[in-house]
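Structure record follows, encoded as structure tokens.
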Amino acid sequence: MYGYEHVMTFDDQAMSGGSAAAAQPMAGIKKKKSIKSDSSIELKGPMEVDGSVKSMGAVTFNGDFAVRDRIEAYGNIDVNGNLTCSGKLKSFGNVKITGNALCVDKVKIFGKLKINGTLEVQGAIEVWGALTINGYLKCKSLTAYASLTTVGDQSWYEAEEETVHGAKLVQRNSY
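Structure below.
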């Protein structure tokens, strides 16, 4: 039905916007089976990944992405645009969302989480570093081991179950 490329690797520091990863003819959306790298990668959308995205470094998503399996990074994860992840999301670094993200399964972040937009997690989210919300967070279960800060009067979150081990702060001014 779709013409997928084989597993795409970035071990030679190639970026997905280069000629090695030219756009598929269907409406300019690139399609990949899985993306794996031994170093940090920067991906440019729109892109559909039928498998997983795994990096031994950081992962940057610029544009619109649909990942049908899990996302795992041993560095930071930056989302600049729209991301849909149908599997688990795990980061051993910080996660920054500028735009919108939907995660169907669990999210586990060992660093800080900063939301500038919206994040919806249909499962549980666990954040070990500081959690800063400048927008909206919705999840089934929230566990924050450090502080939780909402920025401005328009920022908020909702969780069916909530455990915050640190301070809950409201920052009235956005910087």
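Residue numbering for the sequence shown follows our numbering, starting at -13 and increasing by one per position.
No residue lacks a Cβ here, since even glycine has one placed at the ideal position from N, Cα and C.
Coil, strand or helix - residue i by DSSP
i	result
glutamine 157	strand
asparagine 66	strand
serine 25	coil
asparagine 80	coil
serine 141	coil
lysine 30	strand
lysine 19	coil
lysine 94	strand
lysine 74	coil
Limits of the beta strand (DSSP E) - the one that residue i falls within
i	result
tyrosine 122	117 to 130
tryptophan 114	Counting along the chain, tryptophan 114 falls outside any beta strand (DSSP E), and DSSP gives it neither H nor E.
valine 45	45 to 53
serine 41	39 to 41
Whole-angstrom C-beta distance between residue j and residue i, which should lie under 8 Å
i	j	result
glycine 121	glycine 103	5 Å
aspartate 24	threonine 46	Not a contact, Cβ separation roughly 16 Å.
arginine 54	lysine 74	Not really, about 12 Å apart at Cβ, beyond 8 Å.
Residue i vs residue j beta-carbon contact at 8 Å
i	j	result
leucine 134	leucine 117	yes
glycine 67	glycine 43	no
tyrosine 143	lysine 126	no
isoleucine 83	isoleucine 101	yes
tyrosine 131	glycine 109	no
aspartate 36	lysine 22	no
valine 81	isoleucine 95	yes
threonine 70	alanine 52	yes
asparagine 48	glutamate 34	no
Any non-hydrogen atom of the ligand ADP within 7 Å of residue i CB
i	result
valine 113	Questions concerning the ligand ADP fall outside what the structure shown contains, since it holds no ligand whatsoever.
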